[in-house]
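Numbering-wise (the numbering used here), the sequence shown opens with residue 2 and increments by one.
Don't be surprised by glycine CBs; every beta carbon is placed ideally from N, CA and C.
Just below is one structure, and these are the notes that go with it.
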Amino acid sequence: MGSSEGRGVGQANGTGGGRVAGAANGGRRAQLEHTGLRHGWTTGACATAATTAAYTALLTGEFPDPVTITLPKGQTPSFALAAEELAPGRAMAGIVKDAGDDPDVTHGALVRATVRRLPAGSGVVFRAGPGVGTVTRPGLPLPVGAAAVNPVPRRMMTEHVAEVAARYGGSGDVEITVSVDDGEEIARSTWNPRLGILGGLSVLGTTGIVVPYSCSAWIDSIRRGVDVARAVGRTHVAGCTGSTSEKTVVAEYGLPEDALLDMGDFAGAVLKYIRRHPVDRLTICGGFAKVSKLAAGHLDLHSGRSQVDKGFLAELARGGGADESLAARVGAATTGLAALQLCQAAGVPLGDLVARAARDEALAVLRGAPVAVDVICVDRDGTVVGRSTVR
Numbered sequence: 002m003g004s005s006e007g008r009g010v011g012q013a014n015g016t017g018g019g020r021v022a023g024a025a026n027g028g029r030r031a032q033l034e035h036t037g038l039r040h041g042w043t044t045g046a047c048a049t050a051a052t053t054a055a056y057t058a059l060l061t062g063e064f065p066d067p068v069t070i071t072l073p074k075g076q077t078p079s080f081a082l083a084a085e086e087l088a089p090g091r092a093m094a095g096i097v098k099d100a101g102d103d104p105d106v107t108h109g110a111l112v113r114a115t116v117r118r119l120p121a122g123s124g125v126v127f128r129a130g131p132g133v134g135t136v137t138r139p140g141l142p143l144p145v146g147a148a149a150v151n152p153v154p155r156r157m158m159t160e161h162v163a164e165v166a167a168r169y170g171g172s173g174d175v176e177i178t179v180s181v182d183d184g185e186e187i188a189r190s191t192w193n194p195r196l197g198i199l200g201g202l203s204v205l206g207t208t209g210i211v212v213p214y215s216c217s218a219w220i221d222s223i224r225r226g227v228d229v230a231r232a233v234g235r236t237h238v239a240g241c242t243g244s245t246s247e248k249t250v251v252a253e254y255g256l257p258e259d260a261l262l263d264m265g266d267f268a269g270a271v272l273k274y275i276r277r278h279p280v281d282r283l284t285i286c287g288g289f290a291k292v293s294k295l296a297a298g299h300l301d302l303h304s305g306r307s308q309v310d311k312g313f314l315a316e317l318a319r320g321g322g323a324d325e326s327l328a329a330r331v332g333a334a335t336t337g338l339a340a341l342q343l344c345q346a347a348g349v350p351l352g353d354l355v356a357r358a359a360r361d362e363a364l365a366v367l368r369g370a371p372v373a374v375d376v377i378c379v380d381r382d383g384t385v386v387g388r389s390t391v392r
């Protein structure tokens, strides 16, 4: 589902019913990994802890603080409560999300779970409270109209409800309403609106742990974007490296928002997922330097993991008619943009050559999947500086 774990830092307002503490959650703090960066906890783990505390209070009259849960891989973190409220037939507990050292947009958000008793045989029912979105489009792992609480967090909460019920004599038939203070505002910084998750954040997490600077949330959002586009009948989608390239694609093809994939640096993630889940046509659009990396065979376009190969650009320029003097200057250029400008001045279509090579590399990754591909290169202003034909 679309990522609630985005780039940037969100703040919780810390208000609402019951006792509110200013300290962040965590109880037992996440351990430093070998990089020196601290792991944190997913929104789903926080919601599970809040649910466990609230249901325990509903059955016993007392909130466990800290509250300990078991994650899918067996870890048993503890979380301090930031908010609690007990009333007839319901209980609410809140956890302040600690994303560790990851630049997570939901870091510091107050995640609440309100648990209400239901008649015997009702099972566990999930509701979206304020700040948690609702699914409005097909293609996600939840039906339209469902609260945007992903399957793994749902399972975690259901299992912990069953454990608390067994320990304290409850029926396990409850309604769980998950909410996030300021979640609707925070969600504007995520991909949720594009994926059709409206009204707030999605509650995510497959392991319960946030790994600092993990790529997994971004790649998962790319996959959900493809799923949504296919489900609503889009036959032409575009993988774009940023907002400038998105604007170019919209101007070129008039694609709707749900056909735009925020590819970022993850060209390989787009191509490999579309290989397994084809669409009729894929346009890749990005800055010249990033597209040149794809053309040279790199599937991760991040500057820390791949570099512009000026020697490769010089070879392309030679193939496009550059003499040895120009090819040498291209090979010695300080940046990809400088190489492009040298060729533009000499009338050598380096932008088109890069776009064609990137298209061919994309087709190689697709391995014969029934997907037609074209590539567009843009400069920083969004001007098209190279394009391939569709193939």
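Taking Cβ positions only, does residue i come closer than 7 Å to chain B?
i, result
"residue 275", "You won't find chain B in this structure, because it holds only one protein chain."
Expressed to the nearest angstrom, what Euclidean distance is found between the alpha-carbon atoms of residue i and residue j?
i, j, result
"residue 185", "residue 202", "6 Å"
"residue 217", "residue 205", "11 Å"
"residue 60", "residue 106", "34 Å"
"residue 235", "residue 280", "8 Å"
"residue 366", "residue 222", "20 Å"
"residue 288", "residue 381", "7 Å"
"residue 233", "residue 138", "8 Å"
"residue 72", "residue 40", "14 Å"
"residue 268", "residue 275", "11 Å"
"residue 74", "residue 178", "25 Å"
"residue 96", "residue 81", "7 Å"
"residue 306", "residue 256", "30 Å"
"residue 360", "residue 378", "11 Å"
"residue 339", "residue 154", "49 Å"
"residue 121", "residue 220", "40 Å"
"residue 385", "residue 249", "8 Å"
"residue 124", "residue 78", "26 Å"
"residue 167", "residue 58", "14 Å"
"residue 101", "residue 109", "10 Å"
"residue 170", "residue 131", "30 Å"
"residue 24", "residue 99", "A caution first: residue 24 carries a pLDDT of 31, below 50, which makes its placement in the model unreliable, though a value can still be read off. Between residue 24 and residue 99, the C-alpha separation is close to 10 Å."
"residue 349", "residue 376", "18 Å"
"residue 136", "residue 227", "16 Å"
"residue 297", "residue 323", "19 Å"
"residue 176", "residue 390", "54 Å"
So the alpha helix (DSSP H) residue i belongs to, where does it begin and stop?
i, result
"residue 220", "217–232"
Mapping DSSP to helix, strand and coil, what is residue i?
i, result
"residue 361", "helix"
"residue 352", "helix"
"residue 80", "strand"
"residue 5", "For residue 5, the pLDDT reaches just 35, beneath the cut-off of 50, and the residue's location in the model is therefore unreliable, leaving the point undetermined."
"residue 90", "coil"
"residue 319", "helix"
"residue 115", "strand"
"residue 121", "coil"
"residue 332", "helix"
"residue 195", "helix"
"residue 48", "helix"
"residue 31", "For residue 31, the predicted structure reports a pLDDT of 37, less than 50, and the residue's modelled location is therefore unreliable. A value from the coordinates is still provided. Correct three-state label for residue 31: coil."
"residue 57", "helix"
"residue 85", "strand"
"residue 379", "strand"
"residue 367", "helix"
"residue 43", "coil"
"residue 107", "coil"
"residue 207", "coil"
"residue 312", "helix"
"residue 71", "coil"
"residue 12", "Any answer about residue 12 is weak, because its pLDDT of 26 lies below 50 and its placement is not dependable; what the coordinates show is given next. Correct three-state label for residue 12: coil."
Any idea which residues DSSP pairs residue i with across the strands?
i, result
"residue 253", "None, per the DSSP bridge assignment."
"residue 202", "133"
"residue 373", "282"
"residue 95", "84 and 113"
"residue 126", "176"
Which first and last residues belong to the beta strand (DSSP E) in which residue i is found?
i, result
"residue 388", "385–388"
"residue 337", "Premise fails: residue 337 lies in the alpha helix (DSSP H), 337–347, not in any beta strand (DSSP E)."
"residue 240", "237–241"
Original post:
If you scan the region 260–307 from start to end, which runs of the beta strand (DSSP E) of 3 or more residues do you find wholly inside it?
Top reply: Qualifying beta strand (DSSP E) stretches, in chain order: 261–263 and 282–288.
**OP:** Let me know the beta strand (DSSP E) ranges lying completely inside the region 128–189, each 3 residues or longer, listed in chain order.
**Re:** List check, beta strand (DSSP E) in window: 175–181.
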